[in-house]
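Visitor: This is the structure I want to talk about, given as structure tokens.
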Amino acid sequence: MNNQVKFPVDVVVTWVNGNDPEYQKKISHYRKIEKLNISDISLSKYKQIGEVNLCVRSILKFAPFVRKIFIVTDQQDPKIESKEKEKIIIIDHKEIFKGYENYLPTFNIRTIETVFHRIKNLSEHFIYFNDDMFLIKPTTIHNWFNKDFKPVIRGKWSRSYNKIWHKRLRELFVRTKNKRAGYNRAQSKSAEQSGFTEKYYKSFHTGRPMIKSISEKYFKENTDVFINQIKYRFRNSNQFISYSLNWHLMIKSNKAILNSDTGTVEIHSIKKKSLLAIKKIIKSCEMNKSVFAINIQDINQASSKSQKYLIEWIENILK
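Residue numbering for the sequence shown follows the working numbering, beginning at 63 and increasing consecutively.
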């Protein structure tokens, strides 16, 4: 199978430089206004050690079919080191929140994901990457979309939260203010929003192919849902996940290919992992031919030795 592009595919990457003192000042200011405890929003999750640079370079190297890479950020510039800078476009929050500036600034990834369809000149078919996702082996367009342009969405079916009795009981008794804005719970909400009441399709932590017009049409027809989703500056338990909504709407209209093969290795709870444990995971990535990506969550919280090892490993792959 070759890399010949039969339709344009772009990539959207979300990024923020949490090391920036101005950004830290801004987030602290709004946290006080919204009376959020320091435990609710940890600044450490925004700390950067150059991941976005590696993420973008990995896409340029291992997904050469990609037309443009849109980096969505808040008045910042990641300064990507690449000979293919013409492919990289920085998109400021003000551009995609035009007409809704009263909801800025926002520090909420779920809010930001909801306005992807408003990115100017974004292709109909695109892939969403977090900046902690890295391609480590060559991919073709068909890793993400089939020959009929249908997105290949990687995940598995899980039981809806409202069907699990102890979770439902907790929903009734925990005050909204104290509810955790959990990842799986929000995906379950996305499914319900699309009409799936018994189960939801749980996304793996990998690049997520999407169709722009699906979100465009839905939010145009449901402006109240759109406003209720983007009004939160910080993650909130009332929110769903917009890429998950996009996926469920595609599943409902038979516009997606479901694939239970993740193609990705995840490194999470990195604080608790020894360097030896991390090296074993990396070895499994290298040996497994079906793995073409790695997701390293909170790399800044790893030990200095583990950070050095992981960054050098990715840099070597990208040479």
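Just so you know, even glycine gets a beta-carbon here, dropped at the ideal spot from N, CA and C.
Note that the coordinates shown come from a computational prediction; the quantities given were computed from them, not determined experimentally.
Assess contact between the region 133-140 and the region 74-89, defined as three or more Cβ pairs (one per stretch) separated by less than 8 Å. Is contact present?
Guide: Result yes; three or more Cβ-Cβ pairs closer than 8 Å.
Visitor: Note down, one range per segment and in chain order, each beta strand (DSSP E) of at least 3 residues found wholly within the region 101-186.
Guide: Listed in chain order, they are 131-135, 150-154.
Visitor: How is the beta strand (DSSP E) around residue 265 delimited, first residue to last?
Guide: Counting along the chain, the beta strand (DSSP E) containing residue 265 begins and ends at 261-265.
Visitor: Do residue 180 and residue 321 have their C-beta atoms closer together than 8 Å?
Guide: Their beta carbons are not under 8 Å apart, which means residue 180 does not touch residue 321 by this criterion.
Visitor: If we count the other Cβ atoms within 10 Å of its Cβ and call it buried at 16 or more, is residue 83 buried or exposed?
Guide: Exposed, by the Cβ-count rule.
Visitor: Just verifying my parser: in three-state terms, what is the DSSP assignment at residue 211?
Guide: Reduced to three states, the DSSP call for residue 211 is coil.
Visitor: As a quick exercise: from 294, 192, 314, pick the residue whose alpha carbon is nearest that of residue 254.
Guide: Minimum Cα distance to residue 254 is reached at 314.
Visitor: When burial is assigned at 16 or more other CB atoms within 10 Å of the CB, is residue 307 buried or exposed?
Guide: The residue is buried, with at least 16 neighbouring Cβ atoms inside 10 Å.
Visitor: Give the single residue among 272, 74, 323 whose Cα lies nearest to the Cα of residue 187.
Guide: Of the candidates 272, 74, 323, the one whose C-alpha sits nearest the C-alpha of residue 187 is 272.
Visitor: Starting from the C-beta of residue 264, find all residues in its chain whose C-beta is less than 8 Å away, skip the five residues before and the five after it, and write them out in chain order.
Guide: Answer for residue 264: 217, 218, 219, 220, 246, 249, listed in chain order.
Visitor: Can you give the Cα-Cα distance for residue 149 and residue 129, rounded to whole angstroms?
Guide: Rounded to whole angstroms, residue 149 to residue 129 spans 7 Å at the Cα level.
Visitor: Answer yes or no: the CB of residue 183 versus the heavy atoms of the ligand HEM, is any distance below 7 Å?
Guide: The ligand HEM is not part of the structure shown, which contains no ligands of any sort.
Visitor: Just reading off the beta strand (DSSP E) that residue 196 is part of, what are its end residues?
Guide: Its beta strand (DSSP E) spans residues 195-197.
Visitor: Please give me, in chain order, every unbroken run of the alpha helix (DSSP H) with length at least 4 that falls completely inside the region 272-331.
Guide: Those alpha helix (DSSP H) runs which fall completely within the region 272-331 and span 4+ residues are 274-283, 285-292, 304-314.
Visitor: What does the alpha-carbon distance come out to for the pair residue 240 and residue 90?
Guide: Note that residue 240 scores 49 on pLDDT, short of 50, meaning its location in the model is unreliable and no value can be drawn from it.
Visitor: Quick test of your reading: residue 201 and residue 292, contact by CB under 8 Å. State the CB separation rounded to the nearest angstrom.
Guide: No, residue 201 and residue 292 are not in contact; Cβ-Cβ is about 32 Å, not under 8 Å.
Visitor: Distance check for residue 319 and residue 154, CA to CA, integer angstroms please.
Guide: So the two alpha carbons sit approximately 32 Å from each other.
Visitor: Hey, residue 352 and residue 327 are a contact pair by Cβ (cut 8 Å); roughly how many whole angstroms apart?
Guide: At roughly 10 Å, the Cβ-Cβ gap does not stay under 8 Å, so residue 352 and residue 327 are not in contact.
Visitor: Is the beta carbon of residue 325 less than 8 Å from the beta carbon of residue 355?
Guide: Yes, they are a contact pair.
Visitor: Measure the beta-carbon distance from residue 75 to residue 191 and round it to whole angstroms, keeping in mind my assumption that it falls under 8 Å.
Guide: Going by Cβ atoms, the distance from residue 75 to residue 191 rounds to 5 Å, so yes, they are a contact pair.
Visitor: Rounded to a whole number of angstroms, what is the C-alpha to C-alpha distance between residue 194 and residue 305?
Guide: In a straight line, the C-alpha of residue 194 is about 17 Å away from that of residue 305.
Visitor: Quick one: measure Cβ to Cβ for residue 111 and residue 369, integer angstroms, because I've assumed they're closer than 8 Å.
Guide: Indeed they touch by this definition, with Cβ atoms about 6 Å apart.
Visitor: On the DSSP bridge assignment, give the partners of residue 191 in chain order.
Guide: Answer is 75.
Visitor: Going by Cα to Cα distance, which pick from 207, 108, 152 is closest to residue 127?
Guide: The option with the nearest alpha carbon to residue 127 is 207.
Visitor: Given that a residue counts as buried once 16 or more other Cβ atoms are within 10 Å of its Cβ, and exposed if not, what is residue 72?
Guide: Flag for residue 72 reads buried.
Visitor: What three-state label does DSSP hand residue 369 in the structure shown?
Guide: Residue 369 falls in the helix class under three-state DSSP.
Visitor: Answer with buried or exposed for residue 361, where buried requires no fewer than 16 other C-beta atoms within 10 angstroms of its C-beta.
Guide: Buried, by the Cβ-count rule.
Visitor: Using beta-carbon positions only, say whether residue 120 and residue 197 come within less than 8 Å of one another.
Guide: In this structure, residue 197 lies closer than 8 Å to residue 120 by Cβ.
Visitor: Note down, in chain order, each residue of its chain lying with its Cβ closer than 8 Å to the Cβ of residue 380, except the 5 sequence neighbours on either side.
Guide: Once the five neighbours on either side are set aside, the close Cβ partners of residue 380 are 116, 119, 120, 123.
Visitor: For a quick check, are the C-beta atoms of residue 92 and residue 169 less than 8 Å apart?
Guide: Taking 8 Å as the Cβ cut-off, residue 92 and residue 169 qualify as a contacting pair.
Visitor: Measuring CA to CA, which of 357, 108, 311 is closest to residue 88?
Guide: That would be 108, whose Cα lies nearest to the Cα of residue 88.
Visitor: Can you give the Cα-Cα distance for residue 113 and residue 199, rounded to whole angstroms?
Guide: Cα to Cα, residue 113 sits roughly 17 Å from residue 199.
Visitor: Leaving aside the five residues before and after residue 243 along the sequence, list all residues of the same chain whose C-beta is less than 6 Å from its C-beta, in chain order.
Guide: Only 297, 298, 299 meet the Cβ criterion.
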